[in-house]
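Step one of this worksheet: look at the structure below.
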Amino acid sequence: MTEENSLRRYKKDDDGVLWISNYVAKARSKTEYKVQRLLHHEHSPFQEISIVDTKGFGRMLVLDGTPQISTGEGFIYNEMISHIPIVTHPDPKKVAMIGGGDCGPAREAMKYAGIEQIDVVEIDQRVTEVCRTLLTPSSFYDNDPRFQMIHEDGLNWIQKNKGNYDVLIIDRSDPVGPAAKLFKPDFYQYVYDCLTNEGVAVFQSGSPFYNTSTLQKTVHNLKELFPIVRTYLVTIPLFPCGIWSFTLASKKWDPLQADLTKLLDQEAQYINPEIFLSSFVLPNYVKKMIETK
Ligand code: SAM
Numbered sequence: 001m002t003e004e005n006s007l008r009r010y011k012k013d014d015d016g017v018l019w020i021s022n023y024v025a026k027a028r029s030k031t032e033y034k035v036q037r038l039l040h041h042e043h044s045p046f047q048e049i050s051i052v053d054t055k056g057f058g059r060m061l062v063l064d065g066t067p068q069i070s071t072g073e074g075f076i077y078n079e080m081i082s083h084i085p086i087v088t089h090p091d092p093k094k095v096a097m098i099g100g101g102d103c104g105p106a107r108e109a110m111k112y113a114g115i116e117q118i119d120v121v122e123i124d125q126r127v128t129e130v131c132r133t134l135l136t137p138s139s140f141y142d143n144d145p146r147f148q149m150i151h152e153d154g155l156n157w158i159q160k161n162k163g164n165y166d167v168l169i170i171d172r173s174d175p176v177g178p179a180a181k182l183f184k185p186d187f188y189q190y191v192y193d194c195l196t197n198e199g200v201a202v203f204q205s206g207s208p209f210y211n212t213s214t215l216q217k218t219v220h221n222l223k224e225l226f227p228i229v230r231t232y233l234v235t236i237p238l239f240p241c242g243i244w245s246f247t248l249a250s251k252k253w254d255p256l257q258a259d260l261t262k263l264l265d266q267e268a269q270y271i272n273p274e275i276f277l278s279s280f281v282l283p284n285y286v287k288k289m290i291e292t293k
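In the UniProt record's numbering, the protein residues as written are 1 to 293.
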């Protein structure tokens, strides 16, 4: 077997072209990504890591055969998971992210001068190292003294950090492999305990079409703890079916009352005040899905 054939979810067609083939069982549908060049492939202690160049999406981080982020459109995911909770809090000083990857959300957080500390907790040191060489702008890691990388399991880390953070960004991958524990009911309590009394958290909560129960359980668990829980939707071209959800949970501040003039100061490619507010407008099928559980 060649190295390329041993890659999870990759296949070579009859013309020798390599494809990533992302099959979603629930929808009986497949999304395929044509690979121009396989730049890196390894099995870390936690997962299979690969980096590929594609024509459509640019350079891409792929974990266990699932595309995570691309240079072509990653700004959408990174901006929407970070600016919304940061702007919801009126004066965030300490921000942490669980699930570092390429550290895209950390780069967005750095744009806010008032933030004093940005901690990124990533279980897999090899993801960071590979991204550092092949994906992340090289200046990023060294230029900002507020940034700290912590290589640790997010579940272990969060249990040791109580009452500390203004904003927590849970940039978890799918609920399989090392991220599965970040979807268990106990985890939401640890997130609650890790925030200050006025803290805000946001969670990657899956596709409302493909990952119905992930979204329902996330909202249900958060509503048991937080007075304000709001799901918002984003179109992510890289992900199967394109429509994705994040769920924000807050102890005090409502994103719908946030001071959106703070957003205007940022250099963003995607988010603006109109996008901020409209992403919280949900279609009826999503409203029903998260109300009934
Ligand atoms: N938006 C990110 C970026 O800029 O690259 C993509 C992050 S990816 C969705 C999720 C990351 O979470 C992966 O790098 C994975 O290794 C990490 N991860 C998975 N399980 C984890 C855990 N239990 N603790 C901390 N990080 C974890």
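The beta carbon of each residue, even a glycine, is placed where N, CA and C say it ideally should be.
Assuming Glu79 contacts Ile271 under a Cβ cut-off of 8 Å, what Cβ separation, rounded to an integer in Å, is found between them?
-> 5 Å
Return helix, strand or coil for Asp119, following the three-state DSSP convention.
-> strand
Phe276: which of Arg9, Leu233 and Phe187 sits nearest, CA to CA?
-> Leu233
Best match in Pro90, Asp174, Thr128 and Thr136 for proximity to Glu152 [C-alpha to C-alpha] = Thr128
Less than 7 Å separating the beta-carbons of Leu263 and Pro255?
-> no
Should Asp171 be counted as a contact of the ligand SAM given a C-beta to heavy atom distance under 6 Å?
-> yes
Tell me whether Gln204 is buried or exposed, calling it buried when 16 or more other Cβ atoms sit within 10 Å of its Cβ.
-> buried
Bridge partners - Glu73, DSSP secondary structure assignment = Paired residues: none, contrary to the question.
From residue 300 to Asp193, what does the alpha carbon distance come to, in whole angstroms?
-> Look at the range of the chain in this structure, 1 to 293, and you will see that residue 300 is not part of it.
Does the distance from the C-beta atom of Pro92 to that of Val167 stay below 7 Å?
-> yes
Tell me Val200's beta-bridge partners as DSSP assigns them.
-> Val167 and Ser250
When you compare only the Cα positions, how much space is there between Asp14 and Ile20?
-> 15 Å
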